[in-house]
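*Asks:* Those sequence lines, one after another, are chains A and B.
Residues in the first sequence are numbered consecutively from 1, following the numbering used here.
Residues in the second sequence are numbered consecutively from 1001, following the numbering used here.
Just so you know, even glycine gets a beta-carbon here, dropped at the ideal spot from N, CA and C.
Please see the structure below; I have some questions.
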Amino acid sequence: MIAEDRLSAVFGALADPTRRAILARLADGDATVTELAEPFPISLPAISRHLKVLEHAGLISRSRSGQWRSSTLEAAPLKEATDWMERYRVFWDASFDRLDAHLRRIQRERAAERRAKQAQRDAEPAQEHS
Amino acid sequence: MTAETTYELAISRVFDAPRELVYQAFVDPDQLAQWFGPVGFTVPRETVAIDARAGGYQRFVMISADDPSLRSPIDATFTAVIENELLVGEQEVLGIPGFEGVAKMTLRLEFHDEPGGKTRLELRQGPYSQQLEADAREGWNSSFSKLDALLAGRA
């Protein structure tokens, strides 16, 4: 389990569409800053700033080989973020099992009420038409 | 890891009840108190207060049956409400790693008719603020299709 502040950094990093696009590009393989900047109408320094955010969140790592420094996608923090959301799936699935039972119960009760009222009306036909 | 890995939770579930009834189970305090939360949690009726309209609220407390000191208060604000069709709410949540400072959880519930008098409930929940939600619409999911494939193989 990575620290919660790291997870905050991951969600914060994922909140930006350019950074998500950079991650999607890196899923195809490692790339340099110049290669990553190609599809975007923004400057190299702007791309570098996005890479710093991604690196800080642990979503990418960057090689130290000078001019051709390339970025690599790191999958583990993404999996942590997904696992965190999955806890809510377990919660809802369990709640909805109870909702299912509740809806069955309430429909049975209402059907019984309708039958009781109908029986009452059938037993008092004189008042019905008075 | 599923093929639909995202940072937004999506659940689709069909209930064997008409749409109005499923909707009411979320906005009628008497009903919500009877079913909300997994087994082992109770929602005392006196903790439930709901005002189902945009700008209204949904408040209640979930309490663990094993350990009554374990209390999980919910205090959500409705941002969009269409009777029998849609409930959108958001809540500022403590102890949830959404973002530093204010962590805002958004929950969207859509109620759809299904054949045979049934109802399909579509739930979407994400750890992001309204601004981030706007960004998300630009392709939160589509951007990740390649990542999904990668994660499926690696993580």
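Where do the ends of the beta strand (DSSP E) carrying A1010/B lie?
*Replies:* Its beta strand (DSSP E) spans residues L1009 to F1015.
*Asks:* Classify V10/A as helix, strand or coil using the three-state DSSP reduction.
*Replies:* Three-state DSSP puts V10/A in a helix.
*Asks:* Under three-state DSSP, which class holds P41/A?
*Replies:* Note: P41/A maps to coil in three-state DSSP.
*Asks:* Mapping the DSSP letters down to three states, classify S1064/B as helix, strand or coil.
*Replies:* Residue state, collapsed to three classes: strand.
*Asks:* Closer than 8 angstroms, Cβ to any Cβ of chain A: which residues of the stretch 1008-1020 of chain B, in chain order?
*Replies:* Listed by position along the chain: E1008, L1009, I1011, R1013, F1015, D1016 and A1017.
*Asks:* Just how far apart, CA to CA, sit Q1024/B and V10/A?
*Replies:* One C-alpha to the other measures close to 37 angstroms.
*Asks:* The alpha helix (DSSP H) spanning F1111/B covers which residue range?
*Replies:* F1111/B -> not in any alpha helix (DSSP H); beta strand (DSSP E) instead, spanning K1104 to E1114.
*Asks:* Is P1038/B helix, strand or coil when you go by DSSP?
*Replies:* Looking at P1038/B - three-state DSSP - the assignment turns out to be coil, as it is neither helix nor strand.
*Asks:* Quick check on this structure: which residue in L1109/B, I1011/B and G1089/B has the alpha carbon closest to the alpha carbon of A1054/B?
*Replies:* Ranking the options by Cα distance to A1054/B, first place goes to G1089/B.
*Asks:* When the cut-off is 8 angstroms and only beta carbons count, does F96/A lie next to chain B?
*Replies:* With 8 angstroms as the cut-off, F96/A counts as an interface residue toward chain B.
*Asks:* Keeping to the same chain, check which residues put their C-beta closer than 8 angstroms to that of L1086/B; ignore five residues upstream and five downstream.
*Replies:* Correct list, in chain order: A1080, R1108, L1109, E1110 and F1111.
*Asks:* Does chain A have any CB closer than 8 angstroms to the CB of Q1091/B?
*Replies:* Chain A, which has no Cβ nearer than 8 angstroms to the Cβ of Q1091/B, makes this no.
*Asks:* Is R1045/B helix, strand or coil when you go by DSSP?
*Replies:* Three-state DSSP puts R1045/B in a helix.
*Asks:* In angstroms with no decimal places, state the Cα-to-Cα distance between R105/A and L1021/B.
*Replies:* Taking the straight line joining both Cα atoms gives about 12 angstroms.
*Asks:* Would you mind telling me which residues of chain B sit closer than 8 angstroms to H102/A, beta carbon to beta carbon, in chain order?
*Replies:* A1025, Q1031, Q1034 and W1035, listed in chain order.
*Asks:* If you draw a straight line from the alpha carbon of L1070/B to that of D97/A, how long is it in whole angstroms?
*Replies:* Roughly 22 angstroms separates the two Cα atoms.
*Asks:* How many Å lie between P1044/B and A123/A at the Cα?
*Replies:* Using only the alpha carbons, I get a separation of about 40 angstroms.
*Asks:* Using the beta-carbon of each residue, which ones in chain A are nearer than 8 angstroms to L1123/B?
*Replies:* The contacting residues are W92.
*Asks:* If the criterion is Cβ atoms closer than 8 angstroms, does the pair S70/A and L51/A meet it?
*Replies:* Their beta carbons are not under 8 angstroms apart, which means S70/A does not touch L51/A by this criterion.
*Asks:* When you compare the CB positions of R20/A and L36/A, do they come within less than 8 angstroms of one another, or not?
*Replies:* Not a contact, by the Cβ cut-off of 8 angstroms.
*Asks:* Could you give the DSSP three-state label for A1076/B: helix, strand or coil?
*Replies:* Of the three classes helix, strand and coil, the one that applies to A1076/B here is strand, per DSSP.
*Asks:* For a contact defined as C-beta to C-beta under 8 angstroms, what are the partners of R89/A on chain B?
*Replies:* By Cβ distance, chain B contributes L1009 and I1011.
*Asks:* Determine, using beta carbons only, whether P1029/B and I1050/B come nearer to each other than 8 angstroms.
*Replies:* In this structure, I1050/B lies closer than 8 angstroms to P1029/B by Cβ.
*Asks:* Please tell me whether L99/A has its Cβ less than 8 angstroms away from any Cβ of chain B.
*Replies:* Taking Cβ atoms only, chain B reaches closer than 8 angstroms to L99/A, which makes this a yes.
*Asks:* What first and last residue would you give for the alpha helix (DSSP H) that runs through L26/A?
*Replies:* Note, L26/A: alpha helix (DSSP H), P17 to L26.
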